[in-house]
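Novice:
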Amino acid sequence: MSRRLRVLVHSGCLTLFLAPVAFAQTRPATGPTDLAAGQRVFDAQCAWCHGNGGDGGAGPNLHGKLLHATTAGSIVDIINKGIPGTDMPSFRLTERETRQTATYVMSLSRTASRPGPGNAERGGALYQSNGCGSCHVVDGRGGILGPELSGIGGRRGSVYLREAIVKPAASHPPGYLVVRAVPASGAEIRGIRLNEDVFWITIRDASGTLHTLQKSDLSRIDRELEGTLMPSYESRLSAPQLDDLVAYLATLRGAK
Amino acid sequence: MTIGTRPASAFLLLAALSAVPLLAQDGQWLMYSGSYSSHRFSPLTQITTDNVSKLRPVWVYQPPGTGSVESTPVVVNGVMYVTSGPTMVAALDLKSGKPLWEWTRPIAPSVLNLGFPRVNRGVAVLDNMVYVGTLDGYLFALDARAGIERWSVHVGENMVGHSITAAPLVVGDKVIVGISGGEAGIRGFLDAYDAKTGKQAWRFYTIPSPGEPGSEGWPGDSWVHGGGATWLTGSYDPALKLLYWGTGNPGPDWNGDSRKGDNLYTSSLVAIDVDTGKPRWHFQFTPHDVHDWDANQIPVLVDTQVGGRPRQLVVTANRNGFYYALDRKTGEFVFGTPYAKQTWARGLDDRGRPIEIPGMEPSEKGTLVYPSLQGSTNWASPSYSPSTDMLYVPVREMGSVYYKTGVEYKPGTYYTGGSEKRLDEESWGAVRALDVKTGKQAWDFKLPTPTWAGVMATAGGLVFSGSNEGNFFALDAKSGKPLWQFQTGGAIRSGPMSYAVGDKQFVAVAGGHALFVFALE
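Top line first, the protein sequences correspond to chains A and B.
Quick note: the first sequence uses my numbering, first residue 34, plus one each step.
Quick note: the second sequence uses my numbering, first residue 212, plus one each step.
1) By alpha-carbon positions, which one of Ser268/A, Arg253/A, Asn94/A, Met139/A ends up nearest to Ile108/A?
2) Around the C-beta of Ile198/A, are 16 or more other C-beta atoms found within 10 angstroms, so that it is buried, or is it exposed?
3) For Leu227/A, does the three-state DSSP call read helix, strand or coil?
4) Measure the CB-CB distance between Thr298/B and Asn331/B and report whether it falls below 9 Å.
5) In angstroms, rounded to a whole number, what distance separates the CA positions of Asp347/B and Arg316/B?
6) Which bits of chain B does Thr127/A rub up against, with CB to CB less than 7 Å?
7) Pop quiz: Gly71/A and Gln133/A are said to be a contact at Cβ under 8 Å. What is the actual Cβ separation, rounded to whole angstroms?
8) Buried or exposed: Lys309/B, going by 16 or more other Cβ atoms within 10 Å of its Cβ?
9) Between the Cα of His493/B and those of His502/B, Lys306/B, Leu475/B, spot the shortest distance and give me the residue it belongs to.
10) Whole angstroms are fine: how far does the CA of Ala440/B sit from the CA of Ala153/A?
11) Could you name the residues of the stretch 239-258 of chain A whose beta carbon sits closer than 9 Å to any beta carbon of chain B, in the order they occur along the chain?
12) Please return the same chain residues whose Cβ sits closer than 8 Å to the Cβ of Thr131/A, not counting the five positions on each side in sequence.
13) So which of Ala725/B, Leu673/B, Asp687/B has the shortest CA-CA distance to Leu255/B?
14) Comparing the C-beta of Asp230/A with each C-beta of chain B, is any distance below 9 Å?
15) Any C-beta of chain B sitting closer than 9 Å to the C-beta of Gln72/A?
16) Any beta carbon from chain A within less than 9 Å of Asn262/B's own beta carbon?
17) Which term fits Lys648/B, buried or exposed, when burial requires 16 or more other beta carbons within 10 angstroms of its beta carbon?
18) Is Leu210/A close to chain B? Criterion is C-beta to C-beta, closer than 9 Å.
19) Along chain B, which residues have their Cβ under 9 Å away from the Cβ of Gln133/A?
20) Which runs of the alpha helix (DSSP H) at least 4 residues long sit entirely within the stretch 252-310 of chain B? Give them in chain order.
21) To which residues of the same chain is Gly115/A closer than 6 Å at the C-beta, ignoring the five residues directly before and after it?
22) Do three or more CB pairs link the stretch 612-621 of chain B to the stretch 670-690 of chain B at distances below 8 Å?
23) Apart from the five residues just before and just after Gly296/B, which ones in its own chain have a Cβ nearer than 6 Å to its Cβ?
24) My output table needs one value for Asp67/A: the three-state DSSP class, helix, strand or coil.
25) Mark Asp448/B as exposed unless 16 or more other C-beta atoms lie within 10 angstroms of its C-beta, in which case mark it buried.
26) What number of angstroms, rounded off, separates the C-alpha of Gly701/B from the C-alpha of Ala406/B?
27) When you compare the CB positions of Tyr404/B and Val382/B, do they come within less than 9 Å of one another, or not?
28) Near Asp276/A, which residues of its chain fall below 7 Å by C-beta distance, leaving aside the five closest residues on each side in sequence?
29) How about Thr417/B: is its C-beta nearer than 9 Å to some C-beta of chain A?
30) Given 8 Å as the limit, is there contact between the stretch 481-488 of chain B and the stretch 546-554 of chain B, that is, 3 or more CB pairs closer than that?
31) What residue range is occupied by the uninterrupted beta strand (DSSP E) comprising Glu245/A?
32) Does the Cβ of Ser709/B have 16 or more other Cβ atoms within 10 Å, making it buried, or fewer, making it exposed?
33) What whole-angstrom Cβ distance do Gly90/A and Tyr193/A have, given they're in contact under 8 Å?
34) From the DSSP secondary-structure annotation, give me the bridge partner or partners of Lys489/B.
35) With Trp233/A as the anchor, note down where its beta strand (DSSP E) starts and where it stops.
36) Should Glu171/B be labelled buried (16 or more other beta-carbon atoms within 10 Å of its own) or exposed?
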């Protein structure tokens with residue numbers, strides 16, 4: 034995935050997706066053609082949020098049981114109307130394209146989130162022993178510096194989860210932009226940007242301390258599009274341990 | 212002061228008789244853009260670069276309902292008229308900020324708004340009437356004293372995507388009103404109605420029918436759903452009796468296969484004889500537009516010197532990334548130059564036509580182009596200051612990946628033939644000062660995100676604007692240096708204005724769901 038594409042995927046790009054693909058032909062769809070056509074629509078219009086192959090991104094992982102749909106008909110309904118109260122917008126497809134896309138999404142959901150090679154129970158123990166909970170909340174317990182993980186298994190597929198642990202800089206989630214503010218005098222402050230307007234910026238540093246700074250007092254502000262406060266666990270965990278941790282995270286389908 | 216003691220028509224009559232651009236006389240703000248020239252410039256001088264730091268809120272108005280306020284208020288005869296979404300008008304007492312009346316058009320959830328939010332951007336006022344367009348496609352005349360309906364006309368069928376969000380414009384005895392629906396495959400038009408009776412005076416279709424001039428750029432029956440919406444208020448030159456109105460994208464937006472040709476008069480500025488509704492001249496900024504670059508920006512009428520020669524110009528920073536100066540009598544291209552990042556054209560030829568770079572059209576795989584679909588600027592008003600001879604432009608620096616898809620027309624649905632993915636994280640905004648005579652950037656005040664806020668310059672040497680992040684701020688008009696700011700708590704997607712009550716100057720702007728009024732403490 035290109036850097037730019039990744040930025041888009043993780044920025045929760047809430048573009049109004051107006052009128053995606055529509056074909057003028059009326060050739061009746063056969064199974065494989067349907068699936069292929071549906072995948073083309075999905076790749077161009079849906080993968081931005083749902084990830085390549087529906088593996089999850091800003092939008093949910095579409096493998097396994099879907100949160101809002103059980104049949105192709107209900108997927109068609111969701112594509113046409115969106116899901117109120119969520120970031121899922123409505124799409125303007127022809128009936129044919131809608132049906133084809135729904136067919137493809139159904140095929141994804143039938144591939145139950147391929148159970149990875151890892152052991153979720155051992156992964157849970159690794160989650161504890163590696164101190165993940167000092168920055169992340171699961172089921173109400175843990176620290177607040179990083180994103181909550183209670184429902185992460187429903188939203189993200191295993192490919193994404195693995196990458197987030199190994200190369201966290203490549204996958205910072207929306208709302209966790211790292212900035213570095215350099216005051217005209219005094220030490221620089223690096224942390225998560227909680228808020229920013231034309232004149233002020235509020236940063237939470239790695240110790241959890243809040244800094245609300247007036248921009249006119251700063252000599253510069255750097256936005257680290259690749260930045261993260263999360264360390265890479267690539268060298269801290271063995272390959273089987275990584276599998277275990279990913280398997281554990283995949284089981285988290287909590288409150289959200 | 213009560214309504215009726217000083218008819219607004221006196222001022223409008225003055226304007227009609229005078230070649231001098233009408234300013235906010237007597238501390239009023241008579242129409243959407245402040246004047247027929249659309250300078251959005253306040254001649255009031257009480258608030259200055261020296262004292263603006265003492266600007267404080269004096270009252271806040273929160274309209275009924277949950278609609279956001281994108282309106283510019285007008286102040287006529289001692290009363291403020293402001294609108295809110297989807298369609299609500301309030302008359303406010305200038306001393307207390309409390310409503311004298313509120314009028315709401317019931318808008319069912321089934322009412323279509325294809326391609327724009329459920330908003331209203333303002334009214335026009337003449338004599339004792341307030342004119343407002345509705346989301347469901349009607350024009351209403353309300354009694355200015357009581358908010359009671361005097362007449363209404365059905366301007367366009369909402370079932371096929373027509374809607375009205377723009378403030379109408381009153382010229383002489385006519386109310387001029389434009390229409391939205393460029394993403395729904397409408398055939399765009401501009402209407403004039405008799406201000407007293409609502410009887411239609413004329414209709415100008417922005418898409419010619421077969422045989423009319425320009426129709427050669429519309430193969431087959433593509434003109435029927437050719438777009439060219441007129442969804443933002445225009446300007447007027449009383450001496451030339453010409454209306455200047457921007458037109459929107461052709462339909463379908465991103466797939467031009469069915470409409471090979473220039474697609475007049477889409478993405479154009481059209482000068483229209485106000486008496487007859489006939490076009491006198493047109494200038495097309497983006498021939499055969501496939502990026503949805505509507506020319507629905509406020510045209511600004513400016514008298515200035517270009518190359519040592521006095522010129523009567525209409526200038527505009529267009530959504531396509533270029534700034535244009537045209538002779539407003541003849542439509543002659545005087546000059547044009549890029550004012551923001553654009554990657555689709557090498558420049559403009561000597562007639563102002565873009566020299567396009569091949570391969571920048573939307574594609575199935577996606578084509579990255581600057582600016583984004585929403586353009587280098589959009590409907591947010593620019594401002595011209597005669598004191599600095601600068602045009603202050605709300606700028607959006609952003610690119611998009613443009614997709615082209617198939618398309619078929621179904622009444623009351625999107626007719627666009629594609630989509631875009633915006634490069635959100637790499638985008639930003641600005642209030643940009645351009646030398647009106649050259650289009651060169653004088654200064655740039657950067658904003659965290661691409662702006663939707665209008666700009667107002669004042670004779671006090673200030674430029675007011677806002678941000679998506681809720682800041683309402685004042686800049687030094689000469690340098691762009693920030694001098695004052697107030698956090699309104701909601702995104703500013705409206706144009707600031709200024710008026711006076713007695714010897715006190717006020718500045719007003721809508722932010723989020725409320726209207727804020729400020730004065731020196």
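Glycine is no exception: its CB is placed at the ideal position from the N, C-alpha and C atoms.
Specialist: In this structure, then:
1) The residue labelled residue 108/A in the question sits at position 75 within the first sequence. The candidate whose alpha carbon is nearest that of Ile108/A is Met139/A.
2) Translated into positions along the first sequence, residue 198/A becomes position 165. Ile198/A should be labelled buried.
3) One-based indexing of the first sequence puts residue 227/A at position 194. For Leu227/A, the three-state secondary structure derived from DSSP is strand.
4) Taking the first residue of the second sequence as position 1, residue 298/B is located at position 87. Taking the first residue of the second sequence as position 1, residue 331/B is located at position 120. A contact, by the Cβ cut-off of 9 Å.
5) Position 136 of the second sequence, counted from the first residue, corresponds to residue 347/B. Position 105 of the second sequence, counted from the first residue, corresponds to residue 316/B. If you take the alpha carbons of Asp347/B and Arg316/B, they lie about 9 Å apart.
6) As a first step, residue 127/A is located in the first sequence; it is residue number 94 there, counting from the start. Residues of chain B passing the Cβ test: Glu619.
7) Taking the first sequence and counting its residues from 1, one reaches residue 71/A at position 38. Taking the first sequence and counting its residues from 1, one reaches residue 133/A at position 100. The C-beta distance from Gly71/A to Gln133/A rounds to 4 Å, short enough to meet the 8 Å contact threshold.
8) The residue given as residue 309/B occupies position 98 in the second sequence. With fewer than 16 Cβ atoms within 10 Å of its Cβ, Lys309/B is classed as exposed.
9) Locating residue 493/B in the second sequence gives position 282, counting from the first residue. For His493/B, the nearest C-alpha among the options comes from Leu475/B.
10) In the first sequence, residue 153/A corresponds to position 120, counting from 1. In the second sequence, residue 440/B corresponds to position 229, counting from 1. So the alpha carbons of these two residues sit roughly 58 Å apart.
11) Ser249, Arg256, Leu258
12) Locating residue 131/A in the first sequence gives position 98, counting from the first residue. Hits under 8 Å: Val109, Ile112, Asn113, Phe124.
13) The residue you call residue 255/B lines up with position 44 of the second sequence. Closest option to Leu255/B, Cα to Cα, is Leu673/B.
14) For the purposes of this step, residue 230/A is identified with residue 197 of the first sequence, where counting begins at 1. It does; some Cβ of chain B falls within 9 Å.
15) Your numbering for residue 72/A matches position 39 in the first sequence. For Gln72/A, the answer is no, since every Cβ of chain B falls outside 9 Å of its Cβ.
16) For the purposes of this step, residue 262/B is identified with residue 51 of the second sequence, where counting begins at 1. No, Asn262/B lies away from the interface with chain A (no Cβ there is under 9 Å from its Cβ).
17) Numbered from its first residue, the second sequence carries residue 648/B at position 437. Classified as buried, Lys648/B has 16 or more neighbouring CB atoms from the shown chains inside 10 Å of its CB.
18) By one-based count along the first sequence, residue 210/A stands at place 177. Yes, its Cβ sits closer than 9 Å to a Cβ of chain B.
19) As a working note, residue 133/A is residue 100 in the first sequence. Here the premise fails: no neighbours, minimum Cβ distance about 12 Å.
20) none
21) Indexing the first sequence from 1 puts residue 115/A at position 82. For Gly115/A, same chain residues with a beta-carbon under 6 Å away, outside a window of 5 residues either side, are Met121, Pro122, Ser123 in chain order.
22) no
23) The residue labelled residue 296/B in the question sits at position 85 within the second sequence. Excluding sequence neighbours, Gly296/B sits near Gly278, Ser279, Arg329, Val330, Asn331.
24) As a working note, residue 67/A is residue 34 in the first sequence. In the structure shown, Asp67/A sits in a helix (DSSP, three-state: H, G or I).
25) Looking up residue 448/B in the second sequence gives position 237. The residue in question, Asp448/B, is buried, as its Cβ has 16 or more Cβ neighbours within 10 Å.
26) If you number the second sequence from 1, residue 701/B lands on position 490. If you number the second sequence from 1, residue 406/B lands on position 195. In a straight line, the C-alpha of Gly701/B is about 36 Å away from that of Ala406/B.
27) Here residue 404/B corresponds to residue number 193 of the second sequence, with the count starting at 1. Here residue 382/B corresponds to residue number 171 of the second sequence, with the count starting at 1. It is not a contact, given that the beta carbons lie outside the stated cut-off.
28) Walking along the first sequence from the start, residue 276/A turns up at place 243. Gly149, Pro150, Gly151, listed in sequence order.
29) In the second sequence, the residue the question calls residue 417/B occupies position 206. False, the Cβ-Cβ gap to chain A never drops below 9 Å.
30) Output reads no: the stretch 546-554 of chain B does not touch the stretch 481-488 of chain B.
31) Indexing the first sequence from 1 puts residue 245/A at position 212. In the sequence on display, residue 245/A carries Thr and not Glu. Residues 243-247.
32) Within the second sequence, numbered from 1, the residue matching residue 709/B stands at position 498. Classification for Ser709/B: buried.
33) Position 57 of the first sequence holds residue 90/A. Position 160 of the first sequence holds residue 193/A. With a Cβ gap of about 7 Å, Gly90/A and Tyr193/A count as contacting.
34) Here residue 489/B refers to the residue found at position 278 when the second sequence is read from its first residue. The partner list for Lys489/B (beta bridge, DSSP) is empty, contrary to what the question assumes.
35) If you number the first sequence from 1, residue 233/A lands on position 200. Counting along the chain, the beta strand (DSSP E) containing Trp233/A begins and ends at 233-238.
36) Here chain B covers residues 212 to 732 and nothing more, so residue 171/B does not appear.
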